[in-house]
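Undergrad: Got a structure for you, questions after.
Number of protein chains: 2
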Amino acid sequence: MSGGEVRIDPWGRPEIKDYNRLYEVFGIRPFGEVLEKMKEMGVEPSPLMRRGIIFGHRDLDKVLEAWHNGEPVAVVTGFMPSGRFHFGHMMTGLQLTYYQRLGFKVFVSLADAEAYAVRHMPRKDAIRIGIEEYVASLLALGLDPQRTEFYFQTARQGPYHEMIQLFSSKVTYSEMEAIYGELSPGKIVSALTQVADILHPMLPEYGGYMHVVVPVGADQDPHIRLTRDLAMRMKGDVELNEPAATYHKLIRGLDGGKMSSSRPEVTIFLNEPPEEAVRKLKASLTGGRNTAEEQRRLGGEPDKCPVFDQYLYYLVPDDNELEDVRTRCRTGKLLCGECKAWGSERLFKFLDGYQRSLEHYKDKAWSLVETPRY
Amino acid sequence: MSGGEVRIDPWGRPEIKDYNRLYEVFGIRPFGEVLEKMKEMGVEPSPLMRRGIIFGHRDLDKVLEAWHNGEPVAVVTGFMPSGRFHFGHMMTGLQLTYYQRLGFKVFVSLADAEAYAVRHMPRKDAIRIGIEEYVASLLALGLDPQRTEFYFQTARQGPYHEMIQLFSSKVTYSEMEAIYGELSPGKIVSALTQVADILHPMLPEYGGYMHVVVPVGADQDPHIRLTRDLAMRMKGDVELNEPAATYHKLIRGLDGGKMSSSRPEVTIFLNEPPEEAVRKLKASLTGGRNTAEEQRRLGGEPDKCPVFDQYLYYLVPDDNELEDVRTRCRTGKLLCGECKAWGSERLFKFLDGYQRSLEHYKDKAWSLVETPRY
Chain A
2 MSGGEVRIDP WGRPEIKDYN RLYEVFGIRP FGEVLEKMKE MGVEPSPLMR
52 RGIIFGHRDL DKVLEAWHNG EPVAVVTGFM PSGRFHFGHM MTGLQLTYYQ
102 RLGFKVFVSL ADAEAYAVRH MPRKDAIRIG IEEYVASLLA LGLDPQRTEF
152 YFQTARQGPY HEMIQLFSSK VTYSEMEAIY GELSPGKIVS ALTQVADILH
202 PMLPEYGGYM HVVVPVGADQ DPHIRLTRDL AMRMKGDVEL NEPAATYHKL
252 IRGLDGGKMS SSRPEVTIFL NEPPEEAVRK LKASLTGGRN TAEEQRRLGG
302 EPDKCPVFDQ YLYYLVPDDN ELEDVRTRCR TGKLLCGECK AWGSERLFKF
352 LDGYQRSLEH YKDKAWSLVE TPRY
Chain B
2 MSGGEVRIDP WGRPEIKDYN RLYEVFGIRP FGEVLEKMKE MGVEPSPLMR
52 RGIIFGHRDL DKVLEAWHNG EPVAVVTGFM PSGRFHFGHM MTGLQLTYYQ
102 RLGFKVFVSL ADAEAYAVRH MPRKDAIRIG IEEYVASLLA LGLDPQRTEF
152 YFQTARQGPY HEMIQLFSSK VTYSEMEAIY GELSPGKIVS ALTQVADILH
202 PMLPEYGGYM HVVVPVGADQ DPHIRLTRDL AMRMKGDVEL NEPAATYHKL
252 IRGLDGGKMS SSRPEVTIFL NEPPEEAVRK LKASLTGGRN TAEEQRRLGG
302 EPDKCPVFDQ YLYYLVPDDN ELEDVRTRCR TGKLLCGECK AWGSERLFKF
352 LDGYQRSLEH YKDKAWSLVE TPRY
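Protein sequences appear in the order of chains A and B. Just so we're aligned, residue 2 is where the first sequence starts under this note's numbering, counting upward by one. Just so we're aligned, residue 2 is where the second sequence starts under this note's numbering, counting upward by one.
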């Protein structure tokens, strides 16, 4: 395994300042090369791809090649059901729906084992949250349950747990420590279980999806590297492929700092009252100037603006509309007050629609997932 | 967990010289108290119990109480399918058949996960050995397949693997290190899997056998202690009982030293040609004196005699017959030559009978166990 000396803690909450470091040290490739490939293939990239929010990848080109050739392909992700479904999760959710529309099979792991081991979540809470927060939210975001496998880690049947057993002897303690930092038996088993989450769709019992892509935030790369290494080390016992991955940036808080549930005033929650979210948006830092006069003269700075971030990431999926807002801001035609009023309306509609949809799916979600017995 | 400073390595091959240390340091109880209890209950102890080979226990009295009250009780063991079924395994096998006759349910784990993690056994070899060496041998020793559950660890279905996940967060790395010494991810997962082997029969899905006894060699006590602690720590999430255990001594080699497959000249193998085993027995050290004259005068010393060990452990299950041999030896009436000739005949018959029976069961064994998929 490589890159041990520069560590990203997947159980912490790191801020990644320098994306170029990731390219150099860990071998993540810039996403631009995939965009070119997609153009050649005539595939429309998603807004997150087009807008540079998904900034890096490993081997996505190979997965697209396989997809282009009609081979079975899958997108895999996992959510730890230990809290609210938030914007970071939504970004993954949006990517799942994108790949699903292309024809990818979707696997969603509800990481109840990890919630228990790492966050010490009571079992029943983790199960309820997994279903009513995570599965229901993904359905509300448009994921088609007919073409998605939702499962809890501990309740997964078939050779999934057999894989965890086999993986455990293909990695040393030091290697895991170099990637994850201080370990406990629970963290070791959790990490190996995540490896199984990513690799088990390749087994014939689960459909034999040999080409798998995992969309993650950059902080999750340690899991990806361990998983890729383990896939190779299983040769001779189990035939597995190195999984592909894409890496996305995380949306900033409304003060330009970190978005986090521990900073509720600058963080918009998907399940808070839309009025409340609008109140926060209206109080947000912007990319505006000190005075209206100055702003009309110099124009605003949308790239520095947390309100514009909301448009960029999810509120304005239409590129032309987004470009129009950007231009009018930059040329000083759109001032922050007007912009916030417009954005507030969008945000209200978005949250209101999402929350109604979520309520609608909460009951349905229970019928889609086999729950753990303990 | 207790006793960290005095360590018995369950993956090494320790020689235990001082059984009293076990009573004092680890809290293993002398077996004599169970013999009294059995007498009160009118239960016939097994030869290994009567002869002091099973020398210690934890909570067996409680399990017998439950059995006496008609509650469901089970005996659980595991074998690592990494080599030949040997005399140590046979001693466990004999205990399984004893408890089975009393009405205990029998669970036999084939520890293929451990064989892979600790001994790096190729998967197919472990599976074949598990079935053709271990399952077939246990059948040959008289275990009733109708009342035994044989399973490979990796292929176990139901909430067994769910338990491993939950256990992993109830123990710290330091605690495991104090018990097992140097750890690897594979050893950690193996140890937790053995805990699941012992505890999962208590779950309703496997019959709800809340009273479980595990017959082990004293070197396996670290697993027992970890398992007992984890059972208690699961309270609130899963209701489990502390498992009981019994501890037996290991038979000596024919030179009075250690019996081991790495010392084939002084070790009798269950599957070697009976003629070969007889040849070794005839060359064995004995408890005899320097000359026949001296022996007639002073008598032999059966307690120091590896040939007598063979009678004591398995060749002479009848107590009266054994006592007769012991007395004739001690009084100088039975000399070593005659004794060895007599013992050789017994050994030949025993091995020949066992080996024929083993051949008979080899095919049948395959139909009794679900094999792992990888």
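Ideal Cβ positions, reconstructed from N, Cα and C, are used throughout, including at glycine. Computed from a prediction, not measured in an experiment: that's the story for all the values here.
Ends of the alpha helix (DSSP H) at residue 110/A?
TA: On the first sequence, residue 110/A is found 109 positions in, with the first residue counted as 1. First-last for residue 110/A: 106 to 111, but that is the beta strand (DSSP E), not the alpha helix (DSSP H).
Undergrad: Pull up the DSSP beta-bridge partners for residue 259/B, would you.
TA: The sequence position of residue 259/B within the second sequence is 258, counting from 1. Note: residue 259/B sits in a beta bridge opposite 253/B.
Undergrad: What residues in the stretch 178 to 203 of chain A have a beta carbon less than 8 Å from any beta carbon of chain B?
TA: Taking 8 Å as the Cβ-Cβ cut-off against chain B, the residues of the stretch 178 to 203 of chain A that qualify are 184, 185, 186, 187, 189, 190, 191, 193 and 194.
Undergrad: Inspect the beta-carbon positions of residue 64/A and residue 74/A and report whether they are closer than 7 Å.
TA: Position 63 of the first sequence, counting from 1, holds the residue named residue 64/A. Position 73 of the first sequence, counting from 1, holds the residue named residue 74/A. Contact flag set, yes.
Undergrad: Taking the Cβ atom as the reference point for each residue, do residue 244/B and residue 215/B lie within a distance shorter than 7 Å?
TA: Here residue 244/B corresponds to residue number 243 of the second sequence, with the count starting at 1. Here residue 215/B corresponds to residue number 214 of the second sequence, with the count starting at 1. Yes, the Cβ-Cβ distance between residue 244/B and residue 215/B is below 7 Å.
Undergrad: So is residue 129/B in contact with chain A if we call contact Cβ pairs under 7 Å?
TA: Here residue 129/B refers to the residue found at position 128 of the second sequence. No, residue 129/B does not count as interfacial toward chain A.
Undergrad: Step through the CB atoms of chain B and report whether any lies within less than 7 Å of the CB of residue 163/A.
TA: Indexing the first sequence from 1 puts residue 163/A at position 162. With 7 Å as the cut-off, residue 163/A counts as an interface residue toward chain B.
Undergrad: Along chain A, which residues have their Cβ under 7 Å away from the Cβ of residue 141/B?
TA: As a position in the second sequence, residue 141/B is number 140, starting the count at 1. Result: empty, since nearest Cβ-Cβ is about 29 Å, beyond 7 Å.
Undergrad: Go to residue 196/A, then tell me how far its alpha helix (DSSP H) extends in each direction, as first and last residue.
TA: Here the question's residue 196/A lines up with position 195 in the first sequence. That run of the alpha helix (DSSP H) goes 186 to 200.
Undergrad: Going by alpha carbons, who is nearest to residue 321/A out of 51/A, 35/A, 40/A and 375/A?
TA: By one-based count along the first sequence, residue 321/A stands at place 320. That would be 51/A, whose Cα lies nearest to the Cα of residue 321/A.
Undergrad: Can you find a CB in chain A that lies within less than 7 Å of the CB of residue 368/B?
TA: On the second sequence, residue 368/B is found 367 positions in, with the first residue counted as 1. For residue 368/B, the answer is no, since every Cβ of chain A falls outside 7 Å of its Cβ.
Undergrad: Considering only residues of the stretch 217 to 250 of chain B, which uninterrupted alpha helix (DSSP H) runs meet the minimum length of 4 residues and lie entirely inside it, listed in chain order?
TA: Here the runs fully enclosed are 222 to 234.
Undergrad: Could you please give the first and the last residue of the uninterrupted alpha helix (DSSP H) stretch that includes residue 178/B?
TA: Within the second sequence, the letter at position 177 stands for residue 178/B. Its alpha helix (DSSP H) spans residues 174 to 181.
Undergrad: Could you tell me the boundaries of the beta strand (DSSP E) in which residue 149/B lies?
TA: Within the second sequence, numbered from 1, the residue matching residue 149/B stands at position 148. Segment 149 to 153, the beta strand (DSSP E) holding residue 149/B.
Undergrad: Assign residue 5/A to one of three DSSP states: helix, strand, or coil.
TA: As a position in the first sequence, residue 5/A is number 4, starting the count at 1. Caution is warranted here: a pLDDT of 35 is assigned to residue 5/A, below 50, making its placement in the model unreliable, and the coordinate value is therefore given only provisionally. In this structure, residue 5/A counts as coil in the three-state DSSP scheme.
Undergrad: Identify every residue that forms a DSSP beta bridge with residue 344/B.
TA: Residue numbering aside, residue 344/B sits at position 343 when the second sequence is read from its first letter. For residue 344/B, which the question treats as bridged, DSSP gives no partner whatsoever.
Undergrad: Counting pairs of Cβ atoms below 8 Å between the stretch 144 to 156 of chain A and the stretch 102 to 116 of chain A, do you hit three or more?
TA: Counting Cβ pairs under 8 Å, three or more are found: they touch.
Undergrad: How would you list, in chain order, the residues of chain A whose beta-carbon sits under 8 Å from the beta-carbon of residue 173/B?
TA: Counting from 1 along the second sequence, the entry for residue 173/B is found at position 172. Ordered by position in chain A, the residues that pass the 8 Å Cβ test against residue 173/B are 185 and 186.
Undergrad: Quick check on the burial criterion: 16 or more other C-beta atoms within 10 angstroms. Buried or exposed for residue 175/B?
TA: Working through the second sequence from its first residue, we reach residue 175/B at position 174. By the neighbour-count rule (16 or more Cβ atoms within 10 Å), residue 175/B is not buried but exposed.
Undergrad: Who are residue 78/B's beta bridge partners in DSSP?
TA: Within the second sequence, residue 78/B is the residue found at index 77, counting from 1. DSSP, once it has assigned bridges, lists 109/B as partnering residue 78/B.
Undergrad: When every heavy atom of the ligand ATP is checked, does at least one fall within less than 6 Å of the C-beta of residue 260/B?
TA: This structure simply doesn't include the ligand ATP, nor any ligand for that matter.
Undergrad: Excluding the five sequence neighbours on either side, which residues of its own chain have a C-beta within less than 6 Å of the C-beta of residue 6/A, listed in chain order?
TA: Walking along the first sequence from the start, residue 6/A turns up at place 5. Low per-residue confidence applies at residue 6/A: pLDDT is 40, beneath 50, and the placement is therefore not dependable enough to give any value.
Undergrad: Using the C-alpha atoms, what's the distance from residue 200/B back to residue 282/A?
TA: Taking the first residue of the first sequence as position 1, residue 282/A is located at position 281. Taking the first residue of the second sequence as position 1, residue 200/B is located at position 199. Spanning the two alpha carbons is a distance of roughly 53 Å.
Undergrad: Could you tell me which chain A residues have their CB closer than 8 Å to the CB of residue 154/B, listed as they occur along the chain?
TA: For the purposes of this step, residue 154/B is taken as the residue at position 153 of the second sequence. Correct list: 166.
Undergrad: Which same chain residues end up closer than 7 Å to residue 303/B when comparing Cβ atoms and leaving out the 5 residues on each side of it in sequence?
TA: For the purposes of this step, residue 303/B is taken as the residue at position 302 of the second sequence. Excluding sequence neighbours, residue 303/B sits near 288, 309, 327, 330 and 331.
Undergrad: Rounded to whole angstroms, what is the Cα-Cα separation between residue 354/B and residue 269/B?
TA: Locating residue 354/B in the second sequence gives position 353, counting from the first residue. Locating residue 269/B in the second sequence gives position 268, counting from the first residue. So the two alpha carbons sit approximately 15 Å from each other.
Undergrad: Per the DSSP calculation, residue 57/B is bridged to which residue(s)?
TA: Reading the second sequence from its first residue, position 56 is the one you call residue 57/B. Looking at the DSSP assignment, residue 57/B forms a beta bridge with 31/B and 248/B.
Undergrad: Output yes if chain A places a C-beta closer than 7 Å to the C-beta of residue 126/B; else output no.
TA: In the second sequence, counting from the first residue as 1, residue 126/B sits at position 125. Judged by the 7 Å Cβ criterion, residue 126/B is not in contact with chain A.
Undergrad: In terms of DSSP beta bridges, what is residue 215/A paired with?
TA: Counting from 1 along the first sequence, the entry for residue 215/A is found at position 214. Bridge partners of residue 215/A: 246/A.
Undergrad: For the stretch 159 to 170 of chain B and the stretch 113 to 126 of chain B, state whether three or more C-beta atom pairs, one from each stretch, are separated by less than 8 Å.
TA: The stretch 159 to 170 of chain B vs the stretch 113 to 126 of chain B: no contact.
Undergrad: Indicate whether at least one CB of chain B lies closer than 7 Å to the CB of residue 245/A.
TA: By 1-based counting over the first sequence, the position of residue 245/A is 244. Closer than 7 Å: no.
Undergrad: Any beta-carbon of chain B closer than 7 Å to the one on residue 229/A?
TA: Position 228 of the first sequence, counted from the start, is the residue given in the question as residue 229/A. Not one chain B Cβ lies under 7 Å of residue 229/A.
Undergrad: Should residue 83/A be flagged as near chain B, meaning a C-beta pair shorter than 7 Å?
TA: Residue numbering aside, residue 83/A sits at position 82 when the first sequence is read from its first letter. No, its Cβ sits nowhere closer than 7 Å to a Cβ of chain B.
Undergrad: Does residue 234/B come within less than 7 Å of chain A when only Cβ atoms are used?
TA: In the second sequence, counting from the first residue as 1, residue 234/B sits at position 233. Judged by the 7 Å Cβ criterion, residue 234/B is not in contact with chain A.
Undergrad: For chain B, is any of its Cβ atoms less than 7 Å away from the one on residue 374/A?
TA: What you label residue 374/A is simply residue 373 of the first sequence in a count that begins at 1. By this cut-off, residue 374/A is an interface position.
Undergrad: Applying a beta-carbon distance threshold of less than 9 Å, which residues of chain A neighbour residue 110/B?
TA: Start at 1 with the first residue of the second sequence, and residue 110/B comes out as number 109. Those within 9 Å of residue 110/B in chain A number zero; the least Cβ separation is about 13 Å.
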